[in-house]
Structures are given as structure tokens and as C-alpha cells.
Amino acid sequence: MLDLIIKGGQVVTPMGVGEWDVAIQGEKIVAVAAPGALTDEVGRVIDATGMVVVPGGIEPHAHISAPIMGHGDLKTAPPEEVSRAALIGGTTMLMDFAIQFPGIDIPQAIQERTDVWQGNSYADYAHHLMLLGAIPPEILGSLHEAVEDGFPSIKIFTTNIRPPATTGEPRMVGTGHLHDLMEEVQRMNAMLLVHSEDDDMV
483 MLDLIIKGGQ
493 VVTPMGVGEW
503 DVAIQGEKIV
513 AVAAPGALTD
523 EVGRVIDATG
533 MVVVPGGIEP
543 HAHISAPIMG
553 HGDLKTAPPE
563 EVSRAALIGG
573 TTMLMDFAIQ
583 FPGIDIPQAI
593 QERTDVWQGN
603 SYADYAHHLM
613 LLGAIPPEIL
623 GSLHEAVEDG
633 FPSIKIFTTN
643 IRPPATTGEP
653 RMVGTGHLHD
663 LMEEVQRMNA
673 MLLVHSEDDD
683 MV
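Numbering (the working numbering), first residue to last: 483 to 684.
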């Protein structure tokens with residue numbers, strides 16, 4: 483038995499927009515099917531005729547409850563506000579960044595970011611790991627644990643310049659460290675996200 487079918491709406495999929503039925507079971511989308519094709523028993527049906535349905539939209543790059551450079555203690559909006567707005571627009575998952583600042587290890591960076599979100603979000607959430615500046619051997623060597631724990635995407639910068647200010651902690655990963663990191667990412671079958679500007683060209 484399905485928990486919910488949303489029918490009659492114009493459903494947005496990677497292949498385009500069309501009239502589809504969306505099936506939900508256990509808070510997960512289990513099927514997107516042609517109208518009338520879902521014949522299972524269902525607990526609830528929502529008629530979305532005349533509406534746009536975005537099933538399971540993901541925001542893969544968000545900066546939530548993050549300090550705003552040059553504005554003291556001011557931060558971007560917190561998870562409660564952003565996740566509520568996201569759900570209204572059909573986005574059911576948000577991804578922001580667990581930043582490994584110099585002096586803290588990767589598990590601490592992940593835990594600090596998780597503490598911001600846990601119990602405070604209406605949507606699902608996850609974090610990319612962000613590495614800043616030179617990557618010490620102990621940090622490089624501990625990446626596999628983060629990947630095994632469910633954090634397979636790693637963000638780095640190839641520039642120190644981040645508008646609106648050019649000061650602050652070094653962000654750029656040098657060529658040698660970048661090479662070592664890329665080899666490690668390939669070995670772990672992880673994903674590298676690169677802010678790929680160049681200091682001399684920006």
C-alpha cells in the first residue's frame with residue numbers, strides 16, 4: 483500500500499515537464515508514473531491539477547547560517563527559514579559546507595556543521611566537506627573516514643580571492659597539494675568540487 487499519490491500535476495523531471503503521477507511511501511518518492519498507472523492501494527491522494535510538482539528537488543550548493551564577510555556577527559539565514567522556503571518551492575534536500583578550518587580536524591568540522599542543522603530543518607540535509615589552504619598529511623590521510631561516513635564530496639579553492647574581501651584565512655590549495663588531493667579523491671571514488679579561479683587573473 484502506498485502512503486500518497488500526487489496526480490494530475492505538471493511534474494518536473496530531468497527529462498522534461500509532463501503530466502505524471504508521483505507515489506510516496508515511507509517519506510520517499512518510490513515512483514513517477516504515467517497517469518493512472520499506479521494501481522496500488524493508497525492511503526491518500528492529492529489532486530494537483532493545474533499545479534507544478536517538483537518531486538525531490540535538491541539544492542546542492544547553499545550557505546546556511548554562514549558568516550557574512552565584512553558584516554561582523556551577521557550570518558545568512560538559518561536552517562529553519564531556508565528549509566521552510568525550500569519546501570514551498572519543491573526542494574526537499576539542501577547541501578551546504580562543513581568547513582575544516584586550520585586547527586580543527588575533519589570529524590570536528592562535520593560535527594560542528596551537523597549541530598547547526600540537527601533538529602532545525604524541515605528538509606533533508608547533507609554537507610560537502612570544504613578544505614582551506616594547505617592540506618596537511620594528517621588531513622589528507624583522514625579523508626577516507628569522512629567518505630566512509632557518508633561525506634564523499636570535497637570542496638577546495640584554487641584562489642585566495644573571495645569577494646567582497648581579499649583578506650582573511652588562506653583558501654587556495656597549491657598545485658602540489660591539489661595533485662595529492664586529486665589522487666586521493668580518485669582512489670576513494672569521491673567527488674572534488676573546485677572553485678577554479680586564479681589569483682593572477684581575478
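Here a beta-carbon is modelled for each residue, glycine too, at the ideal position from N, C-alpha and C.
Beta-carbon proximity list for aspartate 481, same chain, < 8 Å, skipping 5 on both sides: Residue 481 lies beyond the stretch modelled for the chain, which goes from 483 to 684, so this question has no answer here.
Selection from Leu614, Glu630, Val598 that minimises the alpha carbon distance to arginine 669: As a first step, residue 669 must be located in the sequence shown, where it is residue number 187. The shortest C-alpha separation from arginine 669 is found at Glu630.
Residue from Thr641, Ile570, Val524 whose Cα sits closest to the Cα of glycine 508: Position 26 of the sequence shown, counted from the first residue, corresponds to residue 508. Cα-wise, what sits closest to glycine 508 is Val524.
beta-carbon methionine 664 near the ligand COA non-hydrogen atom, thresh 7 Å: Ligands in the displayed structure: none, and consequently the ligand COA is not present.
N-terminal and C-terminal residue of the alpha helix (DSSP H) that glutamine 668 is part of: Here residue 668 is taken as the residue at index 186 of the sequence shown, counted from 1. Taken as a continuous stretch (DSSP letters only), the alpha helix (DSSP H) holding glutamine 668 covers 657-670.
Sub-8 Å separation of isoleucine 621 and glutamine 582 beta-carbons: Looking up residue 621 in the sequence shown gives position 139. Looking up residue 582 in the sequence shown gives position 100. Contact flag set, yes.
Where glutamine 492 sits in the DSSP three-state scheme: Translated into positions along the sequence shown, residue 492 becomes position 10. Three-state result, glutamine 492: strand.
Neighbourhood of alanine 513 by C-beta distance below 6 Å, restricted to the same chain and skipping five residues each side: Position 31 of the sequence shown, counted from the start, is the residue given in the question as residue 513. Ala505, listed in sequence order.
Proximity below 8 Å, CB of methionine 612 to CB of alanine 580: Start at 1 with the first residue of the sequence shown, and residue 612 comes out as number 130. Start at 1 with the first residue of the sequence shown, and residue 580 comes out as number 98. Yes; because the gap between Cβ atoms is below 8 Å, this pair is in contact.
Serine 624, DSSP secondary structure in three states: In the sequence shown, the residue the question calls residue 624 occupies position 142. Reduced to three states, the DSSP call for serine 624 is helix.
Residue span of the alpha helix (DSSP H) that contains arginine 595, given as start and end: As a first step, residue 595 must be located in the sequence shown, where it is residue number 113. 588-599 is the extent of the alpha helix (DSSP H) around arginine 595.
Secondary structure of alanine 530, DSSP reduced to three states: Residue numbering aside, residue 530 sits at position 48 when the sequence shown is read from its first letter. The answer is coil: DSSP assigns alanine 530 none of H, G, I, E or B.
Identity of the residue in Thr640, Met533, Leu520 nearest valine 499 by Cα: On the sequence shown, residue 499 is found 17 positions in, with the first residue counted as 1. Taking valine 499 as reference, the option from Thr640, Met533, Leu520 with the minimal CA-CA separation is Met533.
Inter-residue spacing [alpha-carbon to alpha-carbon] between proline 634 and threonine 641: Taking the first residue of the sequence shown as 1, we reach residue 634 at position 152. Taking the first residue of the sequence shown as 1, we reach residue 641 at position 159. If I take the Cα positions, the gap works out to 22 Å.
The stretch 565-573 / the stretch 593-609 touching (three or more Cβ pairs under 8 Å): yes
Own chain, CB closer than 6 Å to isoleucine 487, minus 5 neighbours either side, in chain order: In the sequence shown, residue 487 corresponds to position 5, counting from 1. So the qualifying residues of the chain are Asp503, Ala505, Leu520, Val524, Val527.
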